[in-house]
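Its first residue numbered 87, the sequence shown is counted upward by one per residue in the working numbering. Have a look at the structure below, then the notes.
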Amino acid sequence: MKEEISNNPTKPVPKAFKEIRRSVITSGIQGATNSEIVDAIPVFTSIKSSGYRKKMKMIPPLPSKLCDLTIEGDWRSTNDGRDFLLGSEGNDEKIIIFGTDGFLKRLCSSEIVFMDGTFKSAPKLFMQIYTLHCFVMGVMAGGGHSWAAGR
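Have a look at this one:
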């Protein structure tokens with residue numbers, strides 16, 4: 087599992103575990119029954135700590151100043167590889183906008199848009215998170231949000 091996390095540090099640890107478990111069960115082990123293979127695989131709760139520790143080592147350190155913040159590589163992509171960073175402007179009064187091009191198209195074509203901001207759960211160095219939602223085929227869907235250093 088540690089190798090999988092090293093290869094893809096943005097993948098959630100439970101998802102990496104499930105994929106590896108499924109792969110081992112599917113490919114099998116010569117001379118072992120399916121039941122023996124399943125019994126030999128540890129449960130997630132017994133190995134999750136080591137997976138999360140490995141992931142924490144892979145996460146870039148937080149900068150002490152906003153002007154030093156850059157979001158690059160896998161950290162600016164969705165799980166399926168689409169760019170998720172729509173904009174990053176400013177130095178000390180930085181605003182970062184996350185979302186996909188597909189969400190922007192849906193947002194622009196929606197008749198009703200829902201927006202909300204909160205200060206309580208903003209990440210360090212930022213003051214506010216702002217989220218955008220719209221209706222997609224009758225269901226409210228989120229997809230865009232921003233982090234703002236100022237109000």
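Yeah, the Cβ is synthetic: ideal placement off N, Cα and C, and Gly gets one too. Because the structure is a prediction, the values reported are computed rather than measured.
Q.
I'd like the ranges of any alpha helix (DSSP H) spanning at least 4 consecutive residues and lying wholly in the segment 130–160.
A. 130–144
Q) Is Ser92 closer than 8 angstroms to Lys140 when the C-beta atoms are compared? A) The residue labelled residue 140 in the question sits at position 54 within the sequence shown. The residue labelled residue 92 in the question sits at position 6 within the sequence shown. Result yes, Cβ atoms of Lys140 and Ser92 sit closer than 8 angstroms.
Q. Would DSSP call Leu172 helix, strand or coil?
A. In the sequence shown, residue 172 corresponds to position 86, counting from 1. In the structure shown, Leu172 sits in a strand (DSSP, three-state: E or B).
Q. When DSSP labels each residue in this structure, what does Gly188 get in the three-state scheme?
A. Sequence index remark: in the sequence shown, residue 188 carries index 102 (1-based). Correct three-state label for Gly188: helix.
Q | Other residues of its chain near Ile183: CB distance less than 6 angstroms, five sequence neighbours each side excluded | A | As a position in the sequence shown, residue 183 is number 97, starting the count at 1. Contacts found: Leu172, Gly173 and Ser232.
Q: Check Asp178 in the structure and name its three-state DSSP category.
A: Counting from 1 along the sequence shown, the entry for residue 178 is found at position 92. DSSP places Asp178 in coil when its eight states are reduced to three.
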